Structure formats: C-alpha cells, structure tokens
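S.K.: Below you'll find the structure I mean.
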Amino acid sequence: MLHCLRSAADQVHSFMCFPQADFLYSAFEKEGVYTVKSGYKAICKEENLVEASVSNSAATRNLWSGIWKLKCPGKIKHFLWRACTNCLPTKANLLKRKVVTDSFCHMCGRCEETTMHALWSCEAIKLVWCNDFSWVNQFEAAQGDFLDLVDRLMSRPHMLELFAAIAWHIWLHRNKTKLGVHTVPLGMIRDAACKFLQIFKQSHDYPSSRNRHNRDDDKDGCLQNRVSIK
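Take the sequence shown: its position 51, counting from 1, is numbered 51 in full-length UniProt numbering, and each next residue is one higher.
Here you go:
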C-alpha cells in the first residue's frame, strides 16, 4: 500500500512545472486582454437577457391566466393549454417518439401535421375559420406557432372562446376521420361549436350585461314595494 502511494507521489513530482507566472485572461476578448468596453458590453448583454426573461415570464403568466378565465368547459381550456404547449399527439410529435412512420397530414396529404397546421393552417379547414377569423392575417399567423396565434386573440376574450371551441371540434374531427368514425362535417363545425358554447353558458347561468341590468331593476322594484307596504 505504501509502495503504491510512493509511486503515485513520484509520478506527481515528475510532472514538469512551467516557470511563468499566472496572468489574468478575459473571456470577452479574443486576445484575452480585458478592456472597459468589453466589460460594459458584457454587463449590458446580461441585463438585457434578465429583462427579456422577466418580460416573457410575465407575458406567459398573463396568457395562462387569460385561458383559465374563459367561459367555456374545462376540457376545452385544458385542450387549448395543451395545444399552446405543443403537447397534443400530432403526427409530428408522434414521429419524434417513433410511434408513426411519417408526419404528413392525412387531410391535405401535403404538409407536416404540427399543432399549428392541424388546428389552423391546413387547407382542408380554411373554410371553418374564414367567417369569424378573417381579420387574423393568415400569412403572419402561419409564421409563428400556435401560442403566438392564441396570444393575438387574447385581446378579444369572446372570440378566443369561440376559437377554442372550434379548434377543439377540429381536433375531434381529425381524430375520428383517422379512425373512420362518423363525425361532424367540416362545414358544420362552426355552428356546432357555437351551440356547444351557448348550452354551456346557459347551464352555468352566465348573464349578459342586459340581463344583469334587468335584475338590478327588479331588485329596486322589490325594495320599493317593501317600503310602501311598511
């Protein structure tokens, strides 16, 4: 044991040590020489990264908060959240996991079935969106991802509710047509989504501003009657 330790110590001592002294090296310059200019640039870059991170985090929190506040069924909110986080089992995602052998959309047969393509940009479903969402620039929206598209719609919550319901019905249509199961035709999806939302809101008693105004008038009338009776 002692022999092994001595051999190791001899090997360490046998390493050649260079006589030059240590020196400072700057990672911000190719020559390794630190300058005030390079230090200033490094600090500004770091601050910009921190500010961008904080800004993105705040925007993301606002987006999620907006989704959960929508007046639509929880399963549609959850679906929209999964779509925004690219967690839907699209063929593009399934190909990455080697579940399928190709990622082509079965409805158009030309493009990769990503979340954005499956729910928005596929040529086969353009007729579903054209009436209510023609104000959304198709080309600009197609350049981003599904999260960017939802963020564009966040300024109009009532439209986002309809958008989410239609997207959910499109996803059901895709899955059922893959399995050869009867489903709502594409031309009727918009009406089906509107009816679905209407039934949900009626069952959960979401009053309109006009209904709330009428209820307030009724309360005032009841109060006046009570006062006059006394």
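Beta carbons: idealized from backbone N, C-alpha and C, even for Gly.
The model shown is predicted, which means the values in this text are computed figures rather than measured ones.
Are there 16 or more other CB atoms within 10 angstroms of the CB of Ser121, so buried, or fewer, so exposed?
M.R.: buried
S.K.: Apart from the five residues just before and just after Ser209, which ones in its own chain have a Cβ nearer than 6 Å to its Cβ?
M.R.: With a pLDDT of only 38 at Ser209, under the threshold of 50, the placement of this residue in the model should not be trusted, and no figure is reported.
S.K.: Three-state secondary structure (DSSP) at Glu31?
M.R.: Coil.
S.K.: So, with DSSP's three-state summary, where would you put Phe133?
M.R.: coil
S.K.: Figure out for me which residue from Gly32, Thr114, Ser65 and Leu70 has the closest Cα to the Cα of Lys201.
M.R.: Leu70
S.K.: Distance check for His169 and Cys194, CA to CA, integer angstroms please.
M.R.: 11 Å
S.K.: Measuring alpha carbon to alpha carbon, tell me which of Glu123, Pro89 and His173 ends up nearest Thr114.
M.R.: Pro89
S.K.: Work out the CA separation of Thr183 and Trp68 for me, nearest whole Å.
M.R.: 28 Å
S.K.: Taking buried to mean at least 16 other C-beta atoms within 10 Å of its own C-beta, is Ala58 buried or exposed?
M.R.: exposed
S.K.: Which of the three DSSP states is assigned to Glu161 in this structure?
M.R.: helix
S.K.: How many Å lie between His117 and His204 at the Cα?
M.R.: 33 Å
S.K.: Could you check whether Val150 and Leu197 sit closer than 8 Å to each other, using their CB atoms as the reference points?
M.R.: no
S.K.: Flag this pair as yes or no: are the beta carbons of Leu119 and Phe146 separated by less than 8 Å?
M.R.: Judged by their CB atoms, Leu119 and Phe146 are nearer to each other than the 8 Å cut-off.
S.K.: Where does Glu123 fall in DSSP's three states?
M.R.: For Glu123, the three-state secondary structure derived from DSSP is helix.
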